[in-house]
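Top line first, the protein sequences correspond to chains A and B. Number 234 in the numbering used here belongs to position 169 of the first sequence; there are no gaps in the numbering. Number 214 in the numbering used here belongs to position 155 of the second sequence; there are no gaps in the numbering. Virtual Cβ for every residue (Gly too), placed ideally from N, Cα, C. Computed from a prediction, not measured in an experiment: that's the story for all the values here. Here's the structure we're looking at; comments come further down.
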Amino acid sequence: MNILVCISKTPDTTAKISFKNDSKEFNSDGVQFIMNPYDEWYALVRAIEIKEQVGGNVVALNVGGSDTEAIIRKALAIGADEAVRINAEPTDSMFTAFQIAEYAKSKGFDLIIVGKETIDYNGSELGAMLAEYLDLPYVSYASSLTLDGSKAIVQRDIEGGVEISELNLPCVISAAKGLAEQRIPNMKGIMMAKSKPLTVVEPVGFESKIQTIGFTVPPAKSSIKMVDPNDMDELVRLLSEEAKVL
Amino acid sequence: MTAIVFGESQKGICKKSAFEVVSFAHQMGVQDIIALVTEDTTNGDVLGQYGASKVYKIKGLDSGAFDSKVWAKAIADFSSSHNGNIVIFSHSSFGKSLAGRVAVRLGAGIVSGVNALPEGDLFSKSVFSGKATIKYQIKSATKVISVMGNTMKPIAIGQSVAVETIDLGAAQSSTKVLEIKRVEGTVPLPEAEIVVSAGRGLKDPSNWGIIEDLAKALGATTACSRPVADAGWRPHHEHVGQTGIAIRPNLYFAIGISGAIQHLAGVNNSKTIVVINKDPEAPFFKAGDYGVCGDLFEIVPKLTEAVKKFKETHS
Ligand SMILES: Cc1cc2nc3c(=O)[nH]c(=O)nc-3n(C[C@H](O)[C@H](O)[C@H](O)COP(=O)(O)OP(=O)(O)OC[C@H]3O[C@@H](n4cnc5c(N)ncnc54)[C@H](O)[C@@H]3O)c2cc1C
Ligand SMILES: Nc1ncnc2c1ncn2[C@@H]1O[C@H](COP(=O)(O)O)[C@@H](O)[C@H]1O
Numbered sequence: 066m067n068i069l070v071c072i073s074k075t076p077d078t079t080a081k082i083s084f085k086n087d088s089k090e091f092n093s094d095g096v097q098f099i100m101n102p103y104d105e106w107y108a109l110v111r112a113i114e115i116k117e118q119v120g121g122n123v124v125a126l127n128v129g130g131s132d133t134e135a136i137i138r139k140a141l142a143i144g145a146d147e148a149v150r151i152n153a154e155p156t157d158s159m160f161t162a163f164q165i166a167e168y169a170k171s172k173g174f175d176l177i178i179v180g181k182e183t184i185d186y187n188g189s190e191l192g193a194m195l196a197e198y199l200d201l202p203y204v205s206y207a208s209s210l211t212l213d214g215s216k217a218i219v220q221r222d223i224e225g226g227v228e229i230s231e232l233n234l235p236c237v238i239s240a241a242k243g244l245a246e247q248r249i250p251n252m253k254g255i256m257m258a259k260s261k262p263l264t265v266v267e268p269v270g271f272e273s274k275i276q277t278i279g280f281t282v283p284p285a286k287s288s289i290k291m292v293d294p295n296d297m298d299e300l301v302r303l304l305s306e307e308a309k310v311l
Numbered sequence: 060m061t062a063i064v065f066g067e068s069q070k071g072i073c074k075k076s077a078f079e080v081v082s083f084a085h086q087m088g089v090q091d092i093i094a095l096v097t098e099d100t101t102n103g104d105v106l107g108q109y110g111a112s113k114v115y116k117i118k119g120l121d122s123g124a125f126d127s128k129v130w131a132k133a134i135a136d137f138s139s140s141h142n143g144n145i146v147i148f149s150h151s152s153f154g155k156s157l158a159g160r161v162a163v164r165l166g167a168g169i170v171s172g173v174n175a176l177p178e179g180d181l182f183s184k185s186v187f188s189g190k191a192t193i194k195y196q197i198k199s200a201t202k203v204i205s206v207m208g209n210t211m212k213p214i215a216i217g218q219s220v221a222v223e224t225i226d227l228g229a230a231q232s233s234t235k236v237l238e239i240k241r242v243e244g245t246v247p248l249p250e251a252e253i254v255v256s257a258g259r260g261l262k263d264p265s266n267w268g269i270i271e272d273l274a275k276a277l278g279a280t281t282a283c284s285r286p287v288a289d290a291g292w293r294p295h296h297e298h299v300g301q302t303g304i305a306i307r308p309n310l311y312f313a314i315g316i317s318g319a320i321q322h323l324a325g326v327n328n329s330k331t332i333v334v335i336n337k338d339p340e341a342p343f344f345k346a347g348d349y350g351v352c353g354d355l356f357e358i359v360p361k362l363t364e365a366v367k368k369f370k371e372t373h374s
């Protein structure tokens, strides 16, 4: 089983967010970056589990500058067999998906797993785009994935429930909570990661179809209105008359 | 300008999100709004009341047999042949699987999770766990967007319209839905207008009765913090936050939840937040609109009574 896992970097949720260049750009100075949790905890670990069951090869791929190598090394330490970095700033999802598709189209992957979304921009776009570029079936938000010969059985989260479907390999899956249990890299993994191959690939030309205009920070919430715990009629009145939500 | 709007349905009935996306197109000022629905949809005509000028059922698409590849091809082909300038989805588990595919097929720029009406070709969405809003320009002639739930209150402005069935040709199926399991009886969390959510402050799963009573009085859906779902006190589909579901109801009650950033990431786009916590230093009080400081076991039953009284006098 030849599996591709797409990994991205994202600021830690607790990071302080600021902007520069007239609020046109994210200011990454002093920001701690982590591997996107959906990629690390679920997509990557499920790929490794499948490989452990049926044999094969897990490739971790990132589109990013050389500053992402720490994240790639972590993926290798957790258990990916090899890594690929496409050497470009991931300006938007379609650009990124196009780069990944160009790389993957001749590699014969049986299964491609991405995270359900990045926790910074919450695009939830890339998996669907990649599937379309490669003309493959796609199921998003998988909370369970099992293989049955040349078929994948996937359970995905939908509003108010789950949907279970069957698709032929190769296919693209996006990983949600529940797909696997997080694995912490151990010493042996960290040592082994050093000798695993990391290939750097140059990007292919692509004209982006969207452009960032700028960021705004929402006005600080006006301070909270405290209500006497013995007067819940007052709270209901405020919700009805002032907030107009009842 | 022509907008192609995809109206989702469940068991053949248009969902609230279908009315929302049609209303969104209408509020954008689009005159020519074409709504597409699955073949099994029985109330597509109602989309006309929200602004759709035409409604088509696509032959072969069934709301119980989702196939992102086949559906995306149908929607993109339809948009190309009807000169769609913008294709609009709801930012749901279906819309998210389709929007990116359709954008690639059409060579269109896409912004997903749009949270406000656009200004010309500028579209905004919330990023960094609600800590900022980003504005994008979509440069391509054809545009694709998905709109966050509860962004636009559906407003009926017109008449029902006739529904036509269109055959876009058969496509080879790529995914076979084996089963759909739904929690019956409640509004799914992402669609709920009022959410009553509780955390570890409840102490024990057997205490959830007071939360359910309040939710029932309000007609609300229940949710919970992550440790509560992880401990098996509540089902996983109730877990909201960064690793759970992100919601933006009109009214969110946070009861016995401390307000960690990972929790706030999934709820801080709610219009109004009520915080009930015994710790005056709980971080949630900084993110709330109304706060009650005290013991939830005393406050919640009183609140439920107050809500019942209000409902009796206002219905
Ligand atoms: C990477 C990562 C992702 C995460 N994702 C999520 C996520 O998606 N969702 C999520 O919720 N969490 C998430 N967490 C966990 C999060 O950081 C917090 O640990 C969690 O939200 C705390 O849950 P809680 O508020 O229910 O519990 P606690 O933090 O234990 O808070 C309980 C609160 O109840 C109050 N309380 C206790 N007794 C009473 C009483 N009698 N009356 C009134 N108030 C009372 C206390 O004052 C306290 O504020 C994540 C953490 C990490 C590291
Ligand atoms: N720069 C990147 N390199 C590799 N994979 C990425 C990159 N950006 C996003 N992804 C993958 O796409 C998923 C969804 O991202 P998004 O659609 O941007 O929310 C992520 O969880 C990753 O698996």
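Just mark residue 249 of chain A as buried or exposed, buried being the case when its beta carbon has 16 or more other beta carbons within 10 Å. exposed
Am I right that residue 321 of chain B and residue 300 of chain B are in contact with their C-beta atoms under 8 Å? What's the rounded C-beta distance? 5 Å
List the residues of chain A that residue 352 of chain B touches, going by C-beta distances under 7 Å, in chain order. 291 and 294
Helix, strand or coil, according to DSSP, for residue 295 of chain B in the structure here? helix
Does the count of Cβ pairs from the segment 343-358 of chain B and the segment 284-295 of chain A closer than 8 Å reach three? yes
Just mark residue 216 of chain B as buried or exposed, buried being the case when its beta carbon has 16 or more other beta carbons within 10 Å. exposed
Cα-Cα separation, residue 100 of chain A to residue 161 of chain B: 28 Å
I'd like to know whether the C-beta of residue 65 of chain B is nearer than 8 Å to at least one C-beta of chain A. no
Measuring CA to CA, which of A/197, A/251, A/143 and A/267 is closest to residue 237 of chain A? A/197
Buried or exposed for residue 374 of chain B, going by 16 or more other Cβ atoms inside 10 Å? exposed
Curious, which full-length alpha helix (DSSP H) runs of at least 4 residues does the segment 98-158 of chain B contain? 127-140
Could you check the C-alpha separation between residue 284 of chain B and residue 113 of chain B for me, to the nearest Å? 43 Å
For ligand 2, any of its heavy atoms closer than 7 Å to the Cβ of residue 158 of chain A? yes
Reducing DSSP to helix, strand and coil, say where residue 168 of chain A ends up. helix
So with CB distances below 7 Å, who are the chain B contacts of residue 185 of chain A? 186 and 187
Return the chain-ordered list of same chain residues with a C-beta closer than 6 Å to the C-beta of residue 226 of chain B, the five sequence neighbours on each side being excluded. 118
Mark residue 127 of chain A as exposed unless 16 or more other C-beta atoms lie within 10 angstroms of its C-beta, in which case mark it buried. buried
Do you know how far the Cα of residue 264 of chain A is from the Cα of residue 331 of chain A? Because chain A in this structure spans residues 66 to 311, residue 331 of chain A falls outside the shown range and cannot be described.
Are the Cβ atoms of residue 378 of chain B and residue 83 of chain B separated by less than 8 Å? Shown here, chain B extends from 60 to 374; a query on residue 378 of chain B therefore has no answer.
Indicate whether residue 62 of chain B and residue 92 of chain B have their beta-carbon atoms separated by less than 8 Å. yes
Environment of ligand 2 in chain order, Cβ to heavy atom below 7 Å: A/71, A/72, A/73, A/101, A/103, A/104, A/108, A/126, A/127, A/128, A/129, A/155, A/158, A/161, A/165, A/179, A/180, A/181, A/182, A/183, A/186, A/187, A/188, A/189, A/190, A/191, A/192 and A/239
Where does residue 196 of chain B sit, in a helix, a strand or coil, going by DSSP? strand
Beta-carbon proximity list for residue 231 of chain B, same chain, < 8 Å, skipping 5 on both sides: 129
Range covered by the alpha helix (DSSP H) that runs through residue 201 of chain A: Residue 201 of chain A -> no alpha helix (DSSP H), and no H or E assigned at all.
How about residue 73 of chain A and residue 160 of chain A: do their beta carbons lie closer than 8 Å? no
In terms of residues, what are the limits of the beta strand (DSSP E) holding residue 147 of chain A? 147-151
Consider the C-beta atom of residue 265 of chain B and the heavy atoms of ligand 1; say whether any pair is separated by less than 7 Å. no
Whose Cβ in chain B lies nearer than 8 Å to the Cβ of residue 305 of chain A? 369 and 373
List, in order along the chain, the chain A residues whose C-beta lies closer than 7 Å to that of residue 196 of chain B? 275, 276 and 278
Judging by CA-CA distance, which residue of B/185, B/190, B/270 and B/178 is the nearest neighbour of residue 196 of chain B? B/178
Contact between the segment 326-337 of chain B and the segment 80-94 of chain A (3+ Cβ pairs under 8 Å): no
Using a beta-carbon distance below 8 Å, is residue 14 of chain A in contact with chain B? The structure shown does not extend to residue 14 of chain A, since chain A is modelled only from 66 through 311, so no value can be given for it.
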